[in-house]
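First the structure, in the form of structure tokens, and then the observations on it.
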Amino acid sequence: MLGTGILKGMVETAKNFAGSYHDPERLTTVEYPEQRIASKENARQFPFLVHDTEDPMQGLRCVACQICEKECPPQCIYIVKSKDKRADYKGQMQLYPVTFDIDLSVCMSCQICVEVCPFEAIKMDTEFELSNTDRFGGLLVNKHQLAKSNEHYRKIHPTEAAVSDDALAIEVAKAKAKAKADVEAKAKAAADAKAKAEAAAAAAPVGVAATAPVPKPSAPAAAPAAAPAA
Amino acid sequence: MAELFAKLDQFPVTLKAWLMNLLQGFLPEWTLPLVSAAISITPILAVFPLMFALTTVIERKGLGRIQNRIGPNRVGIPLTNIRLFGFGQFIADGIKSLIKEDVVPRAADKVVHFLAPIALLIPVLLTYSVLPFGKNMVPLDLPQTGLLFFFAVGASTELSVFMAGWSSRNKYSLLGAMRAVAQMVSYEIPLILSSLTVVMITGTLSLTAIVESQATVHFGFLHNWHLFTPWGLVGFFLFLTAAAAEANRTPFDLPEAESEIIAGYFTEYSGFKFAIFFLAEYLGLFAMCGLGITLFLGGWLPPVNIAPFTWIPSWCWFLGKLSALIVLFIWLRGTLPRLRTDQLMGFAWKFLLPMTLINLVVAALWHLLANNIPLVARWPLGFAMLAVPYWLLGRSFEAKFTKREYRFAN
């Protein structure tokens, strides 16, 4: 009959009305400034610069390569390279950013800077209360404001941070292995040179012919055979 | 005890008489009617806009609860932590609309654009002049033409709405105004025809006399509200439906359908002019509810003639019934979706109009057979005479769901 649907609907809304008073589970919203919902792990708002040491400015991972500056679609990043170099987290000498500014009013939270950074130096923050009373200076965020520790990153994006930490650990291990290999190679080279010098000193009276290598017989034969085929 | 309550009941009347006596001493003779009118108007201008202000907050809170939200609960007393459950909101809203920039479109007809909100508010306020708010409390008692005055003045709001839509020189405004005029003209007929039953039974157009005609008592305690008769019951719901359409309330809010035509005829209004439209709309709704109360719900009469009910002042009964109807309209707004224009027109002409005409016949029979058939038989007979056409007419308006056939998909 006409009207039964209206009555059914009115019963439903009356249930909602009464239910919202005694059953807090029904309420889909929270009273924001006082009550907050923990941010989702995949939330992203605005980039920050990761640093590893106590002093944020010394430990910035950023090497001022300017890839993010070039890739940024709305062009909101501004970087000035340093003249000198300093050791990065794995001991390699690198440039560092003298100026690193991001314009908050232009940034569109696309995360492309994060995707392109080869140094795990820029990441997305979940902080969303970014309002400011100064609409010119206040919205241009400099590197002091952007620098946040790796612990902060681990806290807001645990999964991503673990991946990033692993990648860096591999890099550090590689660098160490290389350094070790370099040291060994240097030592070996030094030892070789020493041995050579000693051997040369010892062999000098015998003659030059003794040190010259004996050519293998097959090598000259193979070379002409390969030539016509090419 | 009862005398004290009777004094409280007549307090506004005695206060006015006392004031007039006081002023008679030093005011010239010719100013006295004007002063008397001003004193009568003052409570209307104080009570109903205040009621509107509170309704805006209650409506937002109620709609929020209906949608499982909390609703506004922040604004209380400024510079303190007292929040008053958000009931300071209307003051903040009022201040906001007062200090907002008033933008008038360059192409608008500026004079008409300016006059439209005023021309809407004044007739709406005039309708209040004939409503009896309590015992002996009617600002303008028109014994010959009370109801006619109400409808005549109320109908002139259509002109103001069209003024607003036309002068804005905006397609959405014009569409909204055309919709509003079409809707108001269509629903005016069922509205008047459903009220006509009461006029037919009571034989008077005076709203005061209509209230007094409901003061007779059934079974020793029950007041003879017209709602308690079959034609009154059906007539009241027909009246409410038509009143909702007249006041542009959901589900008949097509003239200002936000999702379709921005804000309808007041799209190009901002600042306090917009607030006046808003105010006029709600005051129009309250006036319609007030008329419905007067015609069907016994006006300022209590439902039963028993001591504690009769002690409550008559104006409290009126305001209480008005609040109940406002809550009903908020509840309906939270429940029903908006109609389509063809559904709206079809509902007015194919359902409401025949139903009100049948209702007139039933009311006439109810009156003529009063001496021949006892009440016990007359009531079910009258009700059946209305229920059967309701069912027959309603069948064509029920939602029909058929299995959808896909010709190209699947």
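These protein sequences, in sequence, are chains A and B.
Counting with the numbering used here, you get residues 2 to 231 for the letters of the first sequence.
Counting with the numbering used here, you get residues 3 to 412 for the letters of the second sequence.
Positions of the beta carbon are idealized from the N, C-alpha and C atoms, including for glycine.
8 Å Cβ cutoff, residue i in contact with chain B
| i | result |
| --- | --- |
| I38 of chain A | no |
| S21 of chain A | yes |
| L141 of chain A | no |
| L3 of chain A | yes |
| K149 of chain A | no |
Limits of the unbroken alpha helix (DSSP H) element including residue i
| i | result |
| --- | --- |
| D344 of chain B | 343-348 |
| T147 of chain B | Here T147 of chain B belongs to no alpha helix (DSSP H), and DSSP marks it neither H nor E. |
| I41 of chain B | 34-68 |
| H52 of chain A | Run containing H52 of chain A: none in the alpha helix (DSSP H); it sits in the beta strand (DSSP E), 47-52. |
| W317 of chain B | 316-337 |
| T129 of chain B | 112-129 |
| H145 of chain A | 144-147 |
| P465 of chain B | The structure shown does not extend to residue 465 of chain B, since chain B spans only 3 to 412, so no value can be given for it. |
| E233 of chain B | Before going further, note that residue 233 of chain B is Trp rather than Glu in the sequence given. Taken as a continuous stretch (DSSP letters only), the alpha helix (DSSP H) holding W233 of chain B covers 232-248. |
| A289 of chain B | 273-298 |
| H23 of chain A | 5-23 |
Cβ separation of residue i and residue j, assumed to be a contact under 8 Å, to the nearest whole Å
| i | j | result |
| --- | --- | --- |
| L133 of chain B | V140 of chain B | 7 Å |
| L395 of chain B | P356 of chain B | 6 Å |
| D89 of chain A | V64 of chain A | 7 Å |
| T44 of chain B | Y174 of chain B | About 38 Å separates the two Cβ atoms, so there is no contact after all. |
| F7 of chain B | G136 of chain B | Actually they are not in contact, since the Cβ atoms of F7 of chain B and G136 of chain B sit about 13 Å apart, beyond 8 Å. |
| P304 of chain B | L10 of chain B | Going by Cβ atoms, the distance from P304 of chain B to L10 of chain B rounds to 14 Å, so no, they are not a contact pair. |
| P253 of chain B | P339 of chain B | 6 Å |
| A121 of chain B | L161 of chain B | 7 Å |
| P232 of chain B | V113 of chain B | Wrong, their Cβ atoms sit about 51 Å apart, outside the cutoff. |
| F298 of chain B | H228 of chain B | 5 Å |
| M290 of chain B | A245 of chain B | 4 Å |
| D104 of chain A | L140 of chain A | 6 Å |
| E32 of chain A | I72 of chain B | 7 Å |
| M11 of chain A | A148 of chain A | About 58 Å separates the two Cβ atoms, so there is no contact after all. |
| F85 of chain B | R76 of chain B | As written in the sequence, residue 85 of chain B is Arg, which differs from the Phe given in the question. That belief holds up - the Cβ atoms of R85 of chain B and R76 of chain B are roughly 6 Å apart, short of 8 Å. |
| E172 of chain A | K91 of chain A | 6 Å |
CB contact below 8 Å: residue i versus chain A
| i | result |
| --- | --- |
| F399 of chain B | yes |
| I72 of chain B | yes |
| Q418 of chain B | Chain B is shown from 3 up to 412; residue 418 of chain B falls before or after that span and cannot be answered. |
| G27 of chain B | no |
| G234 of chain B | no |
| G88 of chain B | no |
| G396 of chain B | yes |
| G292 of chain B | no |
| T337 of chain B | yes |
| G64 of chain B | yes |
| W393 of chain B | yes |
| W333 of chain B | yes |
Whether residue i touches residue j by CB criterion (8 Å)
| i | j | result |
| --- | --- | --- |
| E258 of chain B | N250 of chain B | yes |
| L209 of chain B | G148 of chain B | yes |
| F92 of chain B | A55 of chain B | yes |
| K102 of chain B | G273 of chain B | yes |
| M1 of chain A | Q46 of chain A | In the structure as shown, chain A starts at 2 and stops at 231, and residue 1 of chain A therefore has no counterpart that could be examined. |
| K82 of chain A | L96 of chain A | yes |
| M2 of chain A | W393 of chain B | yes |
| N361 of chain B | G205 of chain B | no |
| R335 of chain B | L65 of chain B | yes |
| I113 of chain A | E72 of chain A | yes |
| G26 of chain B | L36 of chain B | A small fix is needed here, since residue 26 of chain B is Gln in this sequence, not Gly. Cβ atoms of Q26 of chain B and L36 of chain B: not closer than 8 Å. |
| L224 of chain B | V306 of chain B | yes |
| T358 of chain B | P192 of chain B | yes |
| I68 of chain A | C118 of chain A | yes |
| I41 of chain B | L24 of chain B | no |
Start-to-end residues for the beta strand (DSSP E) that takes in residue i
| i | result |
| --- | --- |
| T100 of chain A | 98-104 |
| D126 of chain A | 123-126 |
| Y154 of chain A | Taken as a continuous stretch (DSSP letters only), Y154 of chain A belongs to no beta strand (DSSP E), being part of the alpha helix (DSSP H) at 151-157. |
| V81 of chain A | 78-82 |
The ligand ADP heavy atom lying under 7 Å from the CB of residue i
| i | result |
| --- | --- |
| G294 of chain B | The model on display carries no ligand, and the ligand ADP is accordingly not part of it. |
Under 8 Å, CB to CB, which of the residues in the region 5-32 of chain A have a partner in chain B? G6, I7, G10, M11, E13, T14, A15, N17, F18, G20, S21, Y22, R27, L28, T29, T30, E32
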